[in-house]
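With our numbering as the guide, the letters of the sequence shown map in order to residues 6 to 354. Okay, so here's the structure we're looking at.
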Amino acid sequence: MAEGRNQTGAEILLAGVSKHYPKSIALDDVSLQVEPGEFMTFLGPSGSGKTTTLNLIAGFTDLTAGYVEIDGKRMDDVPVHKRDLGIVFQHYALFPHLSVLDNVTFPLRQRKVAKQEAEARARAALLTAGLSGYEDRAPKELSGGQQQRVALARALVFEPKVLLLDEPLGALDKQLRERLQLELRRVHREVGRTFVFVTHDQEEALTLSDRIAVFNNGRIEQVGTSKQLYETPASLFVAGFIGESTKVLSDDGRTITVVRPEHGELFSRDTEVGAGRPAIPVSIRQAIYLGSGWKYEVVLPDGSTGVVRGPRALDWLSGDEQSAWLSWDPARASVFDAEPGATADAVAA
Ligand code: ADP
Ligand code: MG
């Protein structure tokens with residue numbers, strides 16, 4: 006990439022942004038600050054408002070309330086093509102009749118960059134995207150993963166301060182997706198721009214992001230690093246969406262305690278549980294050897310399932326469906342109000 010221009014990414018600010026449709030609220034009062042050069046991921050289930058938010062940043066959609074700033078400048082009347090954004094979608098919209106090279110030079114030619122310079126920059130972008138040597142091919146002569154690399158090169162080629170990526174790896178198989186995740190991290194470090202990346206896959210979010218915004222029902226429930234979201238989830242939804250856990254309903258049904266697998270401990274008798282430690286009776290359904298340790302699937306009194314991990318095998322464990330006691334360190338568990346009618350299983354689903 007050429008030196009001396011746009012060396013950093015832009016800051017993005019969403020201030021009380023809402024998007025209402027006649028019959029639904031796609032986004033409800035969302036505020037968020039994305040730091041310059043940050044890899045920010047929007048994570049959430051389908052329909053939670055991730056794409057709507059990306060479209061509002063890009064300017065594809067009008068907002069109902071609030072405003073968007075990029076690098077401190079309000080975007081109210083700034084059209085999409087003046088926002089200095091590169092955009093990559095799940096379904097690569099490459100021009101089928103143009104070669105790879107011409108697809109990537111296209112945004113530069115639109116910006117009146119001379120042919121020779123445009124081609125040199127396109128080759129550099131293809132190198133960054135890991136696709137050198139494919140310049141003369143047609144898109145249909147490439148695999149899905151390679152086509153996404155072309156789309157990435159095309160989004161990077163004019164060196165935008167912000168890259169918006171909406172489930173760009175969603176259509177690829179798992180192995181390829183994991184490889185491209187690592188590539189995308191490398192590219193992000195190399196180009197130093199702000200990336201806003203959408204996914205519904207929590208593992209993908211944990212792998213890639215500096216910070217993650219967790220979307221649910223048109224709202225952001227929590228923004229934080231992977232570690233913050235995992236260790237101190239702000240809501241039952243976040244706790245259930247990120248990582249594994251066991252959810253224990255209190256006796257009076259008012260609270261749910263979320264125990265991470267590595268913070269649970271299994272005992273054969275309740276007399277072995279440390280003084281002052283909480284414990285509930287469970288049935289161990291399965292013991293799974295993971296190489297690095299053991300994983301136990303347990304069934305709780307309310308019928309929900311949980312998971313406990315440990316470094317060693319339980320020497321007292323003899324067969325399937327064995328009863329045991331699950332205990333945990335209360336200081337490392339998260340407690341939430343149970344929603345009326347919510348069971349631990351409904352929460353886990
Ligand atoms: P996600 O990307 O997280 O899957 P979206 O942002 O696409 O979710 O959608 C959020 C909500 O807004 C959904 O309930 C969806 O049905 C609704 N929605 C999105 N676009 C429109 C539209 N053009 N008209 C009406 N409702 C829409
Ligand atoms: Mg979407």
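Positions of the beta carbon are idealized from the N, C-alpha and C atoms, including for glycine.
beta-carbon aspartate 171 near the ligand MG non-hydrogen atom, thresh 7 Å: Along the sequence shown, one-based indexing puts residue 171 at 166. Yes.
Cβ neighbour criterion (16 or more within 10 Å) applied to leucine 106: For the purposes of this step, residue 106 is taken as the residue at position 101 of the sequence shown. That one is buried.
Taking only three categories from DSSP, how would you classify valine 243? Here residue 243 refers to the residue found at position 238 when the sequence shown is read from its first residue. In the structure shown, valine 243 sits in a helix (DSSP, three-state: H, G or I).
Does DSSP put phenylalanine 94 in a helix, in a strand, or in coil? Position 89 of the sequence shown, counted from the start, is the residue given in the question as residue 94. DSSP places phenylalanine 94 in coil when its eight states are reduced to three.
Are there three or more Cβ pairs, one per stretch, closer than 8 Å when the region 256-269 is compared with the region 317-327? no
Residue nearest to alanine 329 in terms of C-alpha spacing, selected from Ala244, Ser339, Ala292: Mapped onto the sequence shown, residue 329 falls at position 324. Taking only the C-alpha atoms, the option nearest alanine 329 is Ala292.
Regarding glycine 71 and the ligand ADP, is the C-beta to nearest heavy atom distance less than 7 Å? Working through the sequence shown from its first residue, we reach residue 71 at position 66. Not so, every heavy atom of the ligand ADP lies at least 7 Å from the Cβ.
For phenylalanine 220, verify whether its CB is less than 7 Å away from any heavy atom of the ligand ADP. Stepping through the sequence shown from its first residue, residue 220 is reached at position 215. Correct: phenylalanine 220 has its Cβ closer than 7 Å to the ligand ADP.
From which residue to which residue does the beta strand (DSSP E) around phenylalanine 341 run? Residue 341 sits at position 336 when you count from the first residue of the sequence shown. It spans 339-342 - the beta strand (DSSP E) in which phenylalanine 341 sits, taken as one unbroken run.
Can we say the region 46-58 touches the region 198-210, given the rule of at least three CB pairs closer than 8 Å? yes
What I want to know is whether the C-beta of alanine 176 ends up closer than 7 Å to one or more non-hydrogen atoms of the ligand ADP. For the purposes of this step, residue 176 is taken as the residue at position 171 of the sequence shown. Not under cutoff, so the answer is no.
Suppose you measure from the CA of glycine 14 to the CA of arginine 191; what does that come to, to the nearest Å? Counting from one through the sequence shown, the residue named residue 14 turns up at place 9. Counting from one through the sequence shown, the residue named residue 191 turns up at place 186. Approximately 15 Å, taken between the alpha carbons.
Give the C-beta separation of lysine 145 and proline 173 to the nearest angstrom, bearing in mind that I take them to be a contact with Cβ-Cβ under 8 Å. One-based indexing of the sequence shown puts residue 145 at position 140. One-based indexing of the sequence shown puts residue 173 at position 168. That belief does not hold up - the Cβ atoms of lysine 145 and proline 173 are roughly 19 Å apart, past 8 Å.
In chain order, which beta strand (DSSP E) runs of at least 3 residues are fully inside the region 144-207? Fully enclosed beta strand (DSSP E) runs of 3 or longer: 167-171, 199-204.
Sub-8 Å separation of serine 273 and glutamate 326 beta-carbons: In the sequence shown, the residue the question calls residue 273 occupies position 268. In the sequence shown, the residue the question calls residue 326 occupies position 321. In this structure, glutamate 326 does not lie closer than 8 Å to serine 273 by Cβ.
Alpha-carbon to alpha-carbon, glutamate 302 and leucine 3: Absent from the model: residue 3. The displayed extent of the chain is 6 to 354, so no value can be given.
Assuming proline 286 is part of the beta strand (DSSP E), what are its boundary residues? If you number the sequence shown from 1, residue 286 lands on position 281. Run containing proline 286: 284-294, per the beta strand (DSSP E) assignment.
For arginine 216, which beta-bridge partners are listed by DSSP? Position 211 of the sequence shown holds residue 216. Paired residue(s): Met45.
Tell me which same chain residues have a C-beta within less than 8 Å of the C-beta of valine 85, skipping the five on either side of it? Looking up residue 85 in the sequence shown gives position 80. For valine 85, where only same-chain residues beyond five positions count, the Cβ hits under 8 Å are Ala63, Gly64, Phe65.
Which of the three DSSP states, helix, strand or coil, is assigned to glycine 77? Walking along the sequence shown from the start, residue 77 turns up at place 72. Three-state DSSP puts glycine 77 in coil, outside helix and strand.
Report the partner residues of isoleucine 17 according to the DSSP bridge assignment. The count along the sequence shown starts at 1 and reaches residue 17 at position 12. In DSSP, isoleucine 17 forms a bridge with Val39, Ile75.
Could you tell me if the beta carbon of threonine 56 falls within a distance shorter than 7 Å of some heavy atom in the ligand MG? For the purposes of this step, residue 56 is identified with residue 51 of the sequence shown, where counting begins at 1. Result yes, Cβ under 7 Å from the ligand MG.
Residue environment, glycine 245, which counts as buried when at least 16 other CB atoms sit within 10 Å: Along the sequence shown, read from residue 1 onward, the residue named residue 245 stands at position 240. So glycine 245 ends up on the buried side.
Going by the C-beta, is valine 93 closer than 7 Å to any heavy atom of the ligand MG? Here the question's residue 93 lines up with position 88 in the sequence shown. Within 7 Å of the C-beta of valine 93 there is not a single heavy atom belonging to the ligand MG.
State the CB to CB distance for the pair isoleucine 17 and glycine 223, rounded to an integer number of angstroms; the pair is presumed to be in contact (CB under 8 Å). What you label residue 17 is simply residue 12 of the sequence shown in a count that begins at 1. What you label residue 223 is simply residue 218 of the sequence shown in a count that begins at 1. Incorrect: roughly 19 Å between the Cβ atoms, too far for contact.
Does leucine 131 come out as helix, strand or coil in the three-state DSSP assignment? Here residue 131 refers to the residue found at position 126 of the sequence shown. Reduced to three states, the DSSP call for leucine 131 is helix.
Which same chain residues end up closer than 6 Å to aspartate 215 when comparing Cβ atoms and leaving out the 5 residues on each side of it in sequence? Position 210 of the sequence shown, counting from 1, holds the residue named residue 215. Excluding positions up to five away in sequence, the list reads Glu43, Phe44.
So lysine 117 is in the alpha helix (DSSP H); what residue range does that whole segment cover? Indexing the sequence shown from 1 puts residue 117 at position 112. Judged by DSSP secondary structure, lysine 117 falls outside any alpha helix (DSSP H); it is assigned neither H nor E.
Can the beta-carbon of leucine 131 be found less than 8 Å from the beta-carbon of alanine 156? As a working mapping, residue 131 is identified with position 126 in the sequence shown. As a working mapping, residue 156 is identified with position 151 in the sequence shown. No. Outside cutoff.
beta-carbon valine 35 near the ligand FAD non-hydrogen atom, thresh 7 Å: No copy of the ligand FAD appears in this structure; the ligands present are the ligand ADP and the ligand MG.
Could you name the residues that DSSP lists as bridge partners for phenylalanine 272? Position 267 of the sequence shown, counted from the start, is the residue given in the question as residue 272. Paired residue(s): Trp330.
Report yes if the CB atom of alanine 123 is closer than 8 Å to the CB atom of threonine 110, and no otherwise. If you number the sequence shown from 1, residue 123 lands on position 118. If you number the sequence shown from 1, residue 110 lands on position 105. Yes.
Can you check which of these residues, Phe341, Gly229, Leu295, is closest to valine 253 by C-alpha distance? Taking the first residue of the sequence shown as 1, we reach residue 253 at position 248. Nearest C-alpha to valine 253: Phe341.
Measuring from the CB of valine 201, is there a heavy atom of the ligand MG at a distance below 7 Å? Residue 201 sits at position 196 when you count from the first residue of the sequence shown. Result no, Cβ not under 7 Å from the ligand MG.
Member of Lys87, His268, Phe94, Arg142 whose CA lies at the smallest distance from the CA of glutamine 115: Residue mapping note: residue 115 aligns to position 110 of the sequence shown, counting from 1. Here the closest residue by C-alpha is Lys87.
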